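Let me begin by presenting the structure, written as structure tokens, before commenting on it.
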Amino acid sequence: MTSKDVQLELRDNIAIVRLSRPAKRNALSDGLVLAIREMFETMPPSVRAIVLDGEGDHFCAGLDLSELKERDAGAGMMHSRMWHAALEAVQYGPAPVVAALHGAVVGGGLELASACHIRVADESTFYALPEGSRGIFVGGGGAVRIPRLIGAARMADMMLTGRVYNAQDGERIGLAQYLVPTGTATEKAIEIATRVASNAPLTNYALMHALPRIAEQPADQGFLTEALMAAIAQSAPEAKSRVRDFLEGRANKVKKD
Ligand code: 1HE
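Written as structure tokens, this is what we have:
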């Protein structure tokens, strides 16, 4: 399945995935959700980091409400599971994903942003979970991922009261890790993705696949998983040569920004 509503641009080993439905504020139709999944599952193997952004004034207006028809319980569950599969393809896909946020990041748009590994927001960004006022619930993994960013109490407040966080407050509570001037989120996200792409692939793999699972494990299991992952990462030839480069004065030192 391909869709004109999501575009792929390759710049060396960086992929820019762009939601391209600006007339509908990048609302996520079923077709677009499936196309996002397919795009992440069929990414060229050369891609080492991904930027996800949205065309137009808004990152994403969430679920396409025009498709919200009567569904029985079974169909509703399958619809939510379709979203889960697509956003898992983003979170556990081929490479780390940097979201470039601007304008509305609402409902399913916030669920999608939450599946990314790094979020860069510009000053036009605002976050909301209008599901509460629409009489529905999150269904794209937001109930799991959003509390991990901001805590269950803040998420419940957003859904119960319709509270909207602006860009500054969003960054303060953990919805984004970077806050940049309006219009520069994509540029900053590409800069970050370029840095991410220069890491050893096994380190990026560990951060994408091991870290979130370790965070869910009891401490004694987490310590063991960490030790196993550390041993695998440091035994890779690339780790050996990077450490040798530092010890022999060929690698950058850590510097203050
Ligand atoms: C849409 C959608 C949409 C816009 N589904 N069509 N999400 C929401 O409840 C958010 C609803 N959207 C908005 O609050 C606003 O549209 C925005 C703040 C995002 C943008 O406002 P604005 O003034 O720039 O645009 P607009 O004039 O409201 O919208 C432009 C068009 O996009 C218009 O269609 P048109 O045919 O009249 O031009 C809108 O109807 C359409 N549009 N947002 C369908 N969401 C896995 S479960 C997830 C559950 C949820 O995500 S619930 C939250 C849904």
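The opening position of the sequence shown corresponds to residue 17 in the working numbering, with each subsequent residue numbered one higher.
Backbone N, C-alpha and C fix where the C-beta goes; we use that ideal spot for every residue, glycine too.
The structure displayed is predicted, hence computed values, not measured ones.
Asked, Found
"If you draw a straight line from the alpha carbon of A255 to that of E264, how long is it in whole angstroms?", "14 Å"
"Where in the region 174-227 do unbroken runs of the alpha helix (DSSP H), each at least 4 residues long, occur, reported from the N-terminal end onward?", "183-189, 201-213, 217-221"
"D21 and G47 look like a contact to me (Cβ under 8 Å); what is the Cβ gap, rounded to whole Å?", "7 Å"
"Can you give, in chain order, each stretch of the alpha helix (DSSP H) that sits fully within the region 48-122 and has at least 4 residues?", "89-107"
"What is the DSSP secondary structure of D273, reduced to helix, strand or coil?", "coil"
"Count the other CB atoms, across all protein chains shown, that sit within 10 Å of the CB of P253; report buried if there are 16 or more and exposed otherwise.", "exposed"
"So what does DSSP say about E264, is it helix, strand or coil?", "coil"
"Between the alpha carbons of L195 and A183, how many angstroms are there, rounded?", "7 Å"
"Please list, in chain order, all residues of the same chain as E71 whose beta carbon is under 6 Å from its beta carbon, the five residues on each side excluded.", "R34, S36, P38"
"Cα-Cα, which of S45, V113, L50 is closest to S82?", "S45"
"Just checking L35 against the ligand 1HE - is the residue's beta carbon closer than 8 Å to any of the ligand's heavy atoms?", "no"
"Could you give the distance in angstroms between the alpha-carbon of S19 and the alpha-carbon of V67?", "18 Å"
"Tell me the start and end of each unbroken alpha helix (DSSP H) in the region 119-173 that is at least 4 residues and wholly inside, in chain order.", "124-130, 147-150, 158-166"
"Do M224 and P61 have their CB atoms nearer than 9 Å?", "no"
"Does the beta carbon of I162 fall short of 8 Å from some heavy atom of the ligand 1HE?", "no"
"Identify whether Q23 lies in helix, strand or coil by the three-state DSSP scheme.", "strand"
"Taking only three categories from DSSP, how would you classify A252?", "coil"
"Alpha carbon to alpha carbon, how far is F75 from L117? Give it in angstroms, no decimals.", "6 Å"
"Hey, would you say G78 sits closer than 9 Å to V122, going by beta carbons?", "yes"
"To the nearest angstrom, how far is the alpha carbon of I206 from that of I30?", "8 Å"
"State the DSSP-derived secondary structure class of A31, mapped to helix, strand or coil.", "strand"
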